[in-house]
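Participant: So the sequence shown is residues 32 to 757, counted in our numbering. In this text, a Cβ means the ideal position worked out from N, Cα and C, and glycines have one as well. In this text, all values refer to a predicted model and were calculated from it rather than measured experimentally.
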Amino acid sequence: MFDQPPAAARTNPERSFTDEVRSLRLGDGEIFRGEGVLAVTKALLQSGVAYVGGYQGAPMSHLVDVLVESQDLLDELGVHLETCTSEASAAALLGASINYPLRGCVTWKSIVGTNVAADALSNLASPGVVGGALIVVGEDYGEGASIIQERSHAFALKSSVWLMDPRPNLPTIVHCVEKGFELSEASNTPVMIELRIRACHVSGEFVAKNNVAPAISRNARLAEPIPQDYARISHPPSTYLQEKLKVDVRLPAAQRFIVEQGLNELLPGEREDLGIIVQGGIANVTLRGLDRLGLGDAFGAVKVPTLVLNVTYPLVPDQIADFCKGKRAVLVVEEGAPDYLEQEIGALLRKRDIGARLHGKDVLPMAGEYTAEVVTEGLLKFFAQTANDIDLSKPMQALETARAGRAEAQRLIGAPLPLRPPGFCTGCPERPVFSAIKLLEREVGKVHISADIGCHAFATLAPFNLGNTILGYGMSLAAAAGVAPVLQKRTISVMGDGGFWHNGLLSGVSSAMFNRGDRVLVVMQNGYTSATGAQFLPSSAGNRRDGENTSDIATTLRAMGVRWLRTIRTYNVSTMLATLREAVTTKEQGLKVIIADGECQLARQRRIRPQLAAALKRGERVIRTRYGIDDAVCTGDHSCIRLSGCPSLTIKPSPDPLRDDPIASVVNSCVGCGLCGEVADAAVLCPSFYKAEIVQNPSRWDRALTRVRTAVIGWLQGKESVAHAR
Ligand code: SF4
Ligand code: SF4
32 MFDQPPAAAR TNPERSFTDE VRSLRLGDGE IFRGEGVLAV TKALLQSGVA
82 YVGGYQGAPM SHLVDVLVES QDLLDELGVH LETCTSEASA AALLGASINY
132 PLRGCVTWKS IVGTNVAADA LSNLASPGVV GGALIVVGED YGEGASIIQE
182 RSHAFALKSS VWLMDPRPNL PTIVHCVEKG FELSEASNTP VMIELRIRAC
232 HVSGEFVAKN NVAPAISRNA RLAEPIPQDY ARISHPPSTY LQEKLKVDVR
282 LPAAQRFIVE QGLNELLPGE REDLGIIVQG GIANVTLRGL DRLGLGDAFG
332 AVKVPTLVLN VTYPLVPDQI ADFCKGKRAV LVVEEGAPDY LEQEIGALLR
382 KRDIGARLHG KDVLPMAGEY TAEVVTEGLL KFFAQTANDI DLSKPMQALE
432 TARAGRAEAQ RLIGAPLPLR PPGFCTGCPE RPVFSAIKLL EREVGKVHIS
482 ADIGCHAFAT LAPFNLGNTI LGYGMSLAAA AGVAPVLQKR TISVMGDGGF
532 WHNGLLSGVS SAMFNRGDRV LVVMQNGYTS ATGAQFLPSS AGNRRDGENT
582 SDIATTLRAM GVRWLRTIRT YNVSTMLATL REAVTTKEQG LKVIIADGEC
632 QLARQRRIRP QLAAALKRGE RVIRTRYGID DAVCTGDHSC IRLSGCPSLT
682 IKPSPDPLRD DPIASVVNSC VGCGLCGEVA DAAVLCPSFY KAEIVQNPSR
732 WDRALTRVRT AVIGWLQGKE SVAHAR
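#1: Please classify Ile654 as buried or exposed, where buried requires at least 16 neighbouring CB atoms within 10 angstroms.
#2: If you draw a straight line from the C-alpha of Ala742 to the C-alpha of Gly749, how long is it?
#3: Taking only the alpha-carbon atoms, compute the straight-line gap between Leu537 and Cys207 and give it to the nearest angstrom.
#4: Helix, strand or coil for Val137, going by three-state DSSP, please let me know.
#5: Just the C-alpha distance for Thr522 and Ala515, rounded to the nearest angstrom, thanks.
#6: Using only the alpha-carbon positions, how far apart do Pro369 and Glu296 sit?
#7: From Glu174 to Ala89, what does the alpha carbon distance come to, in whole angstroms?
#8: Helix or strand or just coil, what does DSSP make of Gln28?
#9: Within 10 Å of its beta-carbon, does Ile257 have 16 or more other beta-carbons around it, so buried, or fewer, so exposed?
#10: Any heavy atom of ligand 2 closer than 7 angstroms to the Cβ of Thr741?
#11: Among the candidates Arg740, Pro686, Leu124, whose CA atom is the shortest distance from the CA of Trp139?
#12: For ligand 1, I want to know if Cys631 counts as a neighbour, meaning its beta carbon is within less than 7 angstroms of at least one of the ligand's heavy atoms.
#13: What does the Cβ neighbour count give for Trp746, buried or exposed, with the cut at 16 atoms within 10 Å?
#14: Can you give the Cα-Cα distance for Ala590 and Val540, rounded to whole angstroms?
#15: Would you be able to state if there are at least three C-beta pairs under 8 angstroms between the stretch 338–352 and the stretch 185–201?
#16: Evaluate contact between the stretch 466–476 and the stretch 602–616, counting only Cβ atoms and requiring at least three cross-stretch pairs below 8 angstroms.
#17: Exposed or buried, which one is Val290 when buried takes at least 16 other CB atoms within 10 Å?
#18: At which residue ranges does the stretch 354–410 contain complete beta strand (DSSP E) runs of 3 or more residues, listed in the order of the chain?
#19: Please confirm whether any heavy atom of ligand 1 lies closer than 7 angstroms to the CB of Ser675.
#20: Does any heavy atom of ligand 2 sit closer than 7 angstroms to the C-beta of Leu470?
#21: To the nearest angstrom, report how far apart Pro684 and Lys477 are at their CA atoms.
#22: With hydrogens ignored, establish whether the beta-carbon of Leu706 is closer than 7 angstroms to any heavy atom of ligand 2.
#23: Which residues bound the beta strand (DSSP E) around Ala627?
#24: Tell me which same chain residues have a C-beta within less than 6 angstroms of the C-beta of Leu588, skipping the five on either side of it?
#25: Could you tell me whether any non-hydrogen atom of ligand 1 is closer than 7 angstroms to the CB of Ala561?
#26: Are the beta-carbon atoms belonging to Pro132 and Ile264 less than 8 angstroms from one another?
#27: Taking the straight line between their C-alpha atoms, what separation do you get for Ile725 and Glu236?
#28: So which of Gln727, Trp532, Gly293 has the shortest CA-CA distance to Lys648?
#29: When we look at the beta-carbon of Leu518 and count the other beta-carbons within 10 Å, is it buried (16 or more) or exposed?
#30: Looking at Glu461: is its Cβ nearer than 8 angstroms to the Cβ of Asn557?
#31: How is the alpha helix (DSSP H) around Thr317 delimited, first residue to last?
#32: When you compare the CB positions of Val363 and Gly320, do they come within less than 8 angstroms of one another, or not?
#33: Measuring from the CB of Ala482, is there a heavy atom of ligand 1 at a distance below 7 angstroms?
#34: Checking 8 angstroms against the spacing of the C-beta atoms, do Ala614 and Thr598 come in under that value?
#35: How would you label Ser719, buried or exposed, when you count the other beta carbons within 10 angstroms and need 16 or more for buried?
#36: Please return the same chain residues whose Cβ sits closer than 6 angstroms to the Cβ of Ala510, not counting the five positions on each side in sequence.
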């Protein structure tokens, strides 16, 4: 097993949420300050939510992470928290709201999480709900995104799940959460709230309300389950009626509620001949664009009437028609493709014979994030085509100046700046596995690597460049099933322990066993879902409830019938190389699994640093290990850097005037993981690496030893200088 974190560890080791937890207790009239995602969390508690669940993933991890640390508050209110092992199990949690008047919320990263949850969501949306059901998705789209670029909007459309896209300010976000539950109940339909990355992290304040304990809860249990109602089961013949109810009853009910509650915002402006219809989530950048053009301010005082859609599905046809009537031109600001809103609005204007000319993707890009700059350029094009009387010369000039400045900077630099790919943390336990795979490829040639979601995906980038496909979280073994039969060499699939429990166990391992797949699987057992903030998973040494380990990967694999199974400490590169070699070349058929064992270094450092600091304070002897490179020995071929990629390994000028090549150097951020020494040994590199132990609060024996060593070295150095002098 990996270096054990304390068995009693119950909290996320990444950071403590003490302030956030405190803010969840704020009551009537108090001012809440914080980020958008935390505002959602507080709004849930103010809305009388009975259960919350989710699967971690940026930008929504924070919601569940904070609730994990708020167990006392949840216990007081009777709110159940489920830390789900996948988005599918989170979505299925909402089944509680189908029959029972319970408000529930689940959360994940979209679009990937929504894809995983799709089956349960469809089966939730068909019968509909009696208790408010919210799905808060972190729309991981645009510059900071880490996944495929698609729109959750598509899912909402196809399953008839209403989609809220709140304007990114805290009062609107909180209002949408509270009204989202009501909308869900008024129309018996689940509601998805889409929060883009910037909306999750936008900071602000709102006036808090008291938290509300749900009427039915863990603290107030029902004596009997609700009687069976076949109409609420998503199974024929009920599904036929459910489809009709979606269209004939729930949709009009939702549209009525949207209008009655004023969920969409109309910002009036003096230019009645023009109009802008914008998704709520893009409203801030649109207002900023109008501000730059001198047609408004960033707070919503606009000169061009603007309809802010805090609900982007369903649209309310009468509301859109009323807004567009009498206008010469309307611009739809809709991020991403396809242009669902623009198409629907275009069809609506045509059907109702409304003459406003429709603009959108003709002046704005079809794909990519709508930053303030992108939207401002689109607005400029729109007004240039539709309003000759608006003087745009100053903003045009400002735009040209900015472009010229950028071009000049590029000219001065002389070449595009080198890209700086993201990579593993210093001392990451996953890096040595890829060093070993590179060494393996030196022996056996290129191997097809099926990569996966998680920190190990960094290996697809330089300096490893290992990985041919990524098909989804926990899908790497399944993704090699079609490749393996046509290759002479075995494929290697790499999967994290997070991916293993999320989907890899069933989609990958059971399918490979069932089909007698002859492949190699490396499971990175680092102990957490590290890439999403180091949350616990079933095989973690800790558990949020009782500090106990719940499941074990090796035991599970054996129970599945895996016979060829090795657990190797990741930092032991020679053993890892030998094991990989055996896995790839053995005559034994069937699935071969290597559990690469090593605790996430980021989590480990966060765990041990306070312990070391406390030990130092108590005056105890503490040893820190560091690696270094002997300047006089390094030849400057940098194979160590190419085989490791550790950020603590860099280059510096050679002290030898006869050598031009810079030499390798280890900087102070080295955590002494030992990979440098291991790689140098396994790859038979130059002997320039040395290991140093820094002893703090040394004992008498340490001091005596140092005196002896110093004397011997001094004596040898003295002899050497005499020899040189002769
Ligand atoms: S978070 Fe942990 S597993 Fe991920 S790259 Fe950093 S050390 Fe490695
Ligand atoms: S020992 Fe080498 S690989 Fe490990 S942290 Fe130090 S420089 Fe990086």
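Facilitator: Inspection of the coordinates gives the following:
#1: exposed
#2: 10 angstroms
#3: 37 angstroms
#4: strand
#5: 6 angstroms
#6: 24 angstroms
#7: 13 angstroms
#8: Shown here, the chain extends from 32 to 757; a query on residue 28 therefore has no answer.
#9: exposed
#10: no
#11: Leu124
#12: yes
#13: exposed
#14: 11 angstroms
#15: yes
#16: yes
#17: exposed
#18: 360–364, 388–390
#19: no
#20: no
#21: 34 angstroms
#22: yes
#23: 623–628
#24: Leu596, Val624
#25: A small fix is needed here, since residue 561 is Ser in this sequence, not Ala. Checking the Cβ of Ser561 against ligand 1 gives yes.
#26: no
#27: 48 angstroms
#28: Gln727
#29: exposed
#30: yes
#31: 314–323
#32: no
#33: no
#34: no
#35: buried
#36: Ser481, Thr500, Leu502
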